[in-house]
Structure formats: structure tokens, C-alpha cells
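Structure first, then comments.
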């Protein structure tokens, strides 16, 4: 009973070579693209290593039996928290406030980079 | 000591300063004068305040008739403060001036508490050392060769250095309690949902809990009462009635049942023998203390890491450099690692292996605590596996914080409240150890009763015994 609560004693003595998740620089670059994080070639190597280190530790979870266990996504037990469908003016920004921290504005609008190709 | 050779008012506890103001013995202006002097002297070395509220003294004088007396608090720099620079210790938000105020700081002001300055943290609250701050690390005021812990490291250090009368912090998994332990102060992490998250730079939305760092348990209890309670702007905030924590803190521990957990975990050889000696104090005060077996906290490292990285990758997507802040090239290494790992573990093909498994093991932790609380009123363990670590130790370590916070992660992912209080001071290094007292959901009253009774019966609180 008590033993089932214990992690293996070799918890942090993981061996990278035996890991199923070998991360390559290309994978890192792909993920960086998805996350919109600029990453240099040099950084991607270091990130791949950090990924492997972290995945080796979190991979230990596979040793826990979770059959028939429901996941917990939030701990309060609240359901369907609703409010009246009315405008809450005290939470609204004026246009001036909304733009106050923008680096690039034009005629009261945010300026963004073009994302649709002209051709 | 101030220039007149009398004790600096900055070294008073929050309650003592408040009492003196109410009795007319001192004015808020006196407190600010002494505090300014301490901060001017210590901040260049300790690197605690990133931004000072230049109007603090003025605001304090105007608010001194309110319940918190216009007294100054350090506020972690991830609480949005209207027109007061808020960086989350990242250059992404280097010049960000929020146009709205967090619920917690709004309530603080209503009660008469003043934001004295914005305190350093690990960038985005990612870490347990302040070493990931893009504005440099803070130092531990108890011994400047060591780190203050984190992520609320600036807040904890500000309290320890008498650079505020109390402080606000946030905890996702250890970020209030661990720096409190390392700096020898009190850190109160409320139940998830007890204190509103509205207006706080988000990290992991399903565990983020704003709370208090203070000189004494009573100070923490008093300030908590003014911050807690339902907020319609945060759908996860609770409508449960807020306990009168300062009042119940006086009730003592007579008849309480305490479970001592993590006594059987490897690597706690320094902290556990000292803790066991201190648990005898609680027995002598009328509580029953016995060893209890809890679900292995090592598994919480994995659960927390997966859940937190996932929520981080989603939450930090908002920083696009279009509406506010600089572009995403400004993220530091730790934020990049976390955002990308979260993106990976949530992606198709991996979500089941990592994210969904983690949320199931999270359920096992909650069930284990439910079983333990059938037998015990509160659970106690060490807060941290060791003393504060030396400066530089976290650099390049991908999971430094997660490993340091192992003893706190189980209660954090379960949403439980906890409080860390000093239980030992090493006479050679002047570094402290913290005791973590965890209570069932919404039962901050129980943990504060134990913490206050212990603090009053022992010599480890440096303000009670100065």
C-alpha cells in the first residue's frame, strides 16, 4: 500500500540514452515556429537538450497507474460560472487607454504586420 | 537604527506600526521617512525594488485613517498597477504602464494599504531564485552570498530587510512559501480561488494564488482578510465566506490533530531532524502529532511541470508586442524553454502521454489529501529540502525551481492553502528553515492557528524576539 505511493529510488538517475523522446534541433525549430518564438541555430541545440532533461523527469509519470482515474482540470469544483449579459463599463478601456502601450498606432488603430501575401 | 539612534520604524511589524498610528504615537509620514532611509541604503545591493511608487508617502498620509493605516507594502511586480510600471521582471514589459488595476491592489488601497514599490521576481514568476529576472537577481538579506528564493523573492527579501512592513506575492507552486522559508519570514498561500487573480500577469491559471509575505503570522492574517473574497472579474474566485483570520489565529492548537508528512523522503536529512524537535513544541501546546504517509511528492514535480508548462504556453501567447510590450524576441531563456515545452506537450500525439496523464495523477494527489484530512486537521512538512542556495546555482538548470519546490507542489496542484513560518536559524550562516503547514480547502483558519501558536511559543521569529 505504502509502496505504491513511492517513486522509484532511481528517480533522478535517468539515462538519456534509454529515453523514447530524443529531441532534434529541427523539432525544436518546428515547435518554436508554432509558439512564435525566434530561435537561433545555436539556441535550438541547447533547447533540445533542456527538453530532453525535462522530458526524462516528467516521463517518470508513466510509472503511476492512472487506470480509471478522472483528470482534474480545476480544483474548486465550480460549474458554469455565469454573469448577467450586460456591459460592464468599469472594465472597459477608452480608445486612448487601449492604445496607450502600443508601440505602433495609426489613426487610432493598432498597426500589425501584414500576414497575407499580396500575390 | 536611524540617525537619531532610536529604532527605525521600518523594523516594526505591520500590526505594531498600525497600533502606534491608531494611538497617535507616530504618523504614517514618520514610517515613510524611516523606510525611505532603509531602502536608499539597502536597495542598491539587494536589488529588490524595480520601480518605486513616488507618491507612496503622500498616499500613505492620506490613507492613515483606514484599517491598514496607510502603511507601505512591497508588491510583486506581476500585479498590474495603474500607471505604475509593471514588468513581471521581463524586458518584454520593460515600459508597460497598465491602464487598469489588479483586484488585489484595488482592495489593498481601499483598506488603506499602499503600494510602496514593485518588487523583483523570477521573470514571469518562472523560477525559485530570482535568477531568471531580466533585471538581475535579488540577494538574501539574511546573508548576501545566498539567494532569496522565488519567484516572490523580492517580496520575501523586502520583508526580511525591513524594506517594507509587509508584501504581496503570488504562488503557483511554492513561490510564496519557498522564498519566505529562505528569507526567514512568514509566507501565506491561500486556497486556490480565495483571492482574485484578476489583473495579475498569469502563469498557470489553474494554480496561481495571490497571497501575503509578512514579518509575523498575525500580520499575514490581518492583510489576508482585506484581500480575500469573491471577485466577479475572476470566474474561479470563490463565494465562500472569508474567515476572520486574525481573530481565529488566537485560538491555539489544543486538541488539533497534526500529520507529519514527508518524514520518509530521501534527501531531507538536514531539515527533518530539526523539524521533528520543533514538532514537540506543538505537542506541548496540546496538539497531537503523528507521522503520516503521503503520496510521493516526486510525482508532483512531473505533474506540476507538465501542467504549468502547458498553461504557460497558452498564457504567454498574449504577449505579441502589438497592443503592449516588446516583441517575443525579448523573452529570456527560461520563458522560451517553458513556452516551447508546453507547446510540445500539448501538441497532437503527445497530449495524452503527458498532459492528460498529469491531470489524472493530479486527481490522485487530491484524493490522497482527502484521505489524510479525514484523520488530521493540518499536515506539516519542511518547506524546502535545505537552506537557501548560493547565488548562481540556478543558472542553466532547466528544472531548478521544480526540484526545490518538491515539498510544496503536491498541495499547490491540489489547490490547498499553506503557510510557511521560520522554525530554525543556523547561527553560522544566519540562514533560516521554514515549516510548511497545509490545511484542507478553505480552511486557512486551521493552519494559521497552528502557525501563530508555534510562532508565539518559540524564538525563531526575528521580529517577535528583537
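Protein chains in written order, with my numbering: chain A, 1078 to 1196; chain B, 1049 to 1514.
Quick reminder that beta carbons are idealized off the backbone N, C-alpha and C, glycines included.
None of the values given here were measured: they were computed from a predicted structure.
Cβ proximity to chain B below 7 Å picks out 1187 and 1189 from the segment 1181-1193 of chain A. In this structure, DSSP gives residue 1062 (chain B) a helical state, which the three-state scheme calls helix.
Shown in chain order are the members of the segment 1143-1154 of chain A whose Cβ falls below 7 Å from a Cβ of chain B: 1143, 1146, 1147, 1148, 1149, 1150, 1151, 1152 and 1153.
Shown here for residue 1349 (chain B): same chain residues with a beta carbon closer than 7 Å to its own, the five before and five after excluded, namely 1450, 1451, 1454 and 1457 in chain order.
Residues are counted here when their Cβ sits less than 8 Å from a Cβ of chain B; for the segment 1152-1173 of chain A these are 1152, 1153, 1155, 1158, 1160, 1168 and 1170, given in chain order.
Of all residues in the segment 1410-1424 of chain B, those with a C-beta nearer than 9 Å to a C-beta of chain A are 1410, 1411, 1412, 1413, 1414, 1415 and 1416, reading in chain order. A Cβ of chain A is located within less than 8 Å of the beta carbon of residue 1351 (chain B).
Taking a cut-off of 8 Å on C-beta distances, the segment 1399-1413 of chain B does not touch the segment 1147-1155 of chain B, as fewer than three cross pairs fall below it. When DSSP states are grouped into helix, strand and coil, residue 1458 (chain B) belongs to the helix group. Interface annotation for the segment 1224-1241 of chain B against chain A: 1240 and 1241, criterion Cβ-Cβ distance under 7 Å. The beta carbon of residue 1125 (chain A) does not come within 8 Å of any beta carbon belonging to chain B, so the residue lies off that interface. Judged by their CB atoms, residue 1169 (chain B) and residue 1237 (chain B) are not nearer to each other than the 8 Å cut-off.
Look at residue 1389 (chain B): its C-beta is under 8 Å from a C-beta on chain A. Our two residues, residue 1124 (chain A) and residue 1120 (chain B), have alpha carbons roughly 42 Å apart in a direct line. At least one beta carbon of chain A lies nearer than 8 Å to the beta carbon of residue 1385 (chain B). Per DSSP, reduced to three states, the secondary structure at residue 1135 (chain A) is helical.
Residues of chain B whose Cβ lies closer than 7 Å to the Cβ of residue 1131 (chain A) are, in chain order, 1353, 1389, 1446 and 1447. DSSP links residue 1484 (chain B) through a beta bridge to B:1429 and B:1468. Residue range 1201-1208 is occupied by the alpha helix (DSSP H) that includes residue 1203 (chain B). Judged by beta-carbon spacing, residue 1267 (chain B) lies beyond the 8 Å limit of residue 1086 (chain B), meaning their Cβ atoms are not closer than that value. Chain A has a Cβ within less than 8 Å of the Cβ of residue 1145 (chain B).
Note on geometry: alpha-carbon atoms of residue 1260 (chain B) and residue 1275 (chain B) lie some 9 Å from one another. Residue 1160 (chain A) counts as exposed, since fewer than 16 other beta carbons sit within 10 angstroms of its beta carbon. Cβ neighbours of residue 1488 (chain B) within its own chain (closer than 6 Å, five residues either side excluded): 1421. DSSP lists B:1258 as the bridge partner or partners of residue 1218 (chain B). The beta-carbon of residue 1407 (chain B) is placed less than 8 Å from the nearest beta-carbon of chain A.
Assignment of residue 1398 (chain B) by DSSP, reduced to helix, strand and coil, places it in the coil class.
Counting only runs of 3 or more residues that sit fully inside the segment 1342-1396 of chain B, no beta strand (DSSP E) segment turns up. Between residue 1203 (chain B) and residue 1122 (chain B), the C-beta gap is smaller than 8 Å, which places the two residues in contact. Within chain A, no residue has its beta carbon less than 7 Å from that of residue 1126 (chain B); the closest one is some 16 Å off. In terms of Cβ geometry, residue 1486 (chain B) and residue 1330 (chain B) do not form a close pair [threshold 8 Å]. Look at the segment 1251-1309 of chain B and you find these whole runs of beta strand (DSSP E), each 3 residues long or longer: 1257-1262 and 1305-1308. The C-beta distance from residue 1220 (chain B) to residue 1262 (chain B) rounds to 20 Å, too long to fall under 8 Å, and the pair is not in contact.
Ranked by how close their Cα comes to the Cα of residue 1441 (chain B), the residues B:1148, B:1165, B:1179 and B:1093 have B:1179 in first place. Within the segment 1281-1293 of chain B, the residues whose Cβ lies closer than 8 Å to any Cβ of chain A are, in chain order, 1281, 1283, 1284 and 1286.
Taking a cut-off of 8 Å for Cβ pairs, the segment 1326-1342 of chain B and the segment 1350-1363 of chain B do not touch, as fewer than three such pairs fall below it.
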